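In terms of the UniProt record's numbering, the sequence shown is residues 1 to 219.
Virtual Cβ for every residue (Gly too), placed ideally from N, Cα, C.
Since the structure is predicted, the reported quantities are computational estimates derived from the model, not experimental observations.
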Amino acid sequence: MLALAAPLLLALLAGVLQADWDFALISRRAETLYGPLGAGRPRIDDWQAMLGRLAGVDEKRQLEEVNRFFNAKLRLTDDERLWRQVDYWATPVEALLRGAGDCEDFAIAKYFSLRQLGVPSEKLRITYVKALRLNQAHMVLTYYPSPDAMPLVLDNLVGIIRPADQRTDLLPVYAFNAEGLWLAGRGGGKQVGDAKRLSRWQELLKKMKAEGFPVEPAR
1 MLALAAPLLL ALLAGVLQAD WDFALISRRA ETLYGPLGAG RPRIDDWQAM
51 LGRLAGVDEK RQLEEVNRFF NAKLRLTDDE RLWRQVDYWA TPVEALLRGA
101 GDCEDFAIAK YFSLRQLGVP SEKLRITYVK ALRLNQAHMV LTYYPSPDAM
151 PLVLDNLVGI IRPADQRTDL LPVYAFNAEG LWLAGRGGGK QVGDAKRLSR
201 WQELLKKMKA EGFPVEPAR
């Protein structure tokens, strides 16, 4: 599970989607990297179909359907059980192949899907919170309709997308996206870094590039 004081606190999103996704190539690369796709193939096919169906529709529908898709397709499990590691950031393909993931895998998959659908990076932040009822670290994706707006929370624990001020069970700690790192606070929080520091996210982008996604690490 996540550790709030771990070095990955400085991990920043460092990459951009540069072109349309070639799912035929991605499936071939995934089979080479991970072996037969098995039950994961229809989940990847469904992902492709969802992205095609949502292309060009309004952002509200994109948020709702992407959130619903991954909450339905992935079973929540911890990294030690799934990957035999304390903290492992899976690519969306890895998560869909397993049909399972930790909370960060849900948030990562939703982030990349919405970015591919054209939602601007500045509207999205991957946000670390403390889940108060569970008394543990947790990750969600937050969406800002405008820079100073109350964000909406896309979560795997609560399926309905709600404004952050209605999620009193979550205590924000920090958030990041392509533009930087923010500490929690009013008005979107305080930006405390840029996208030059790399850690597990950089490793994730390298894996996605190997899978055939047009992503590049930060320079």
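In whole angstroms, what is the alpha-carbon distance linking glycine 52 and phenylalanine 70?
-> Whole-angstrom Cα-Cα distance: 16 Å.
Which residues bound the beta strand (DSSP E) around tryptophan 182?
-> Here the beta strand (DSSP E) through tryptophan 182 covers 180 to 183.
Which first and last residues belong to the beta strand (DSSP E) in which lysine 130 is found?
-> Segment 124 to 131, the beta strand (DSSP E) holding lysine 130.
Whole angstroms is fine: what's the gap from alanine 149's alpha carbon to tryptophan 89's?
-> Inter-residue distance for alanine 149 and tryptophan 89 is about 29 Å (C-alpha atoms, whole angstroms).
From Ala137, Trp201, Arg75, Thr32, residue whose alpha carbon lies closest to that of arginine 43 | Here the closest residue by C-alpha is Arg75.
Endpoints, the alpha helix (DSSP H) within which glutamine 48 is located | That run of the alpha helix (DSSP H) goes 40 to 54.
Determine the direct distance from the alpha carbon of histidine 138 to that of alanine 30, and round the result to whole angstroms.
-> Taking the Cα positions, alanine 30 is about 28 Å away from histidine 138.
Beta-carbon contacts of glycine 99 that lie in its chain and below 8 Å, excluding the five residues immediately before and after | Cβ neighbours of glycine 99 within its own chain (closer than 8 Å, five residues either side excluded): Ala39, Gly40, Arg43, Lys73, Leu74, Arg75.
Which ranges would you report for the beta strand (DSSP E) in the region 109 to 169 if only whole runs of at least 3 residues count?
-> Correct list: 124 to 131, 136 to 143, 152 to 154.
Apply the 10 Å Cβ neighbour rule to phenylalanine 213 and answer buried if 16 or more other Cβ atoms are within range, or exposed otherwise.
-> The residue is buried, with at least 16 neighbouring Cβ atoms inside 10 Å.
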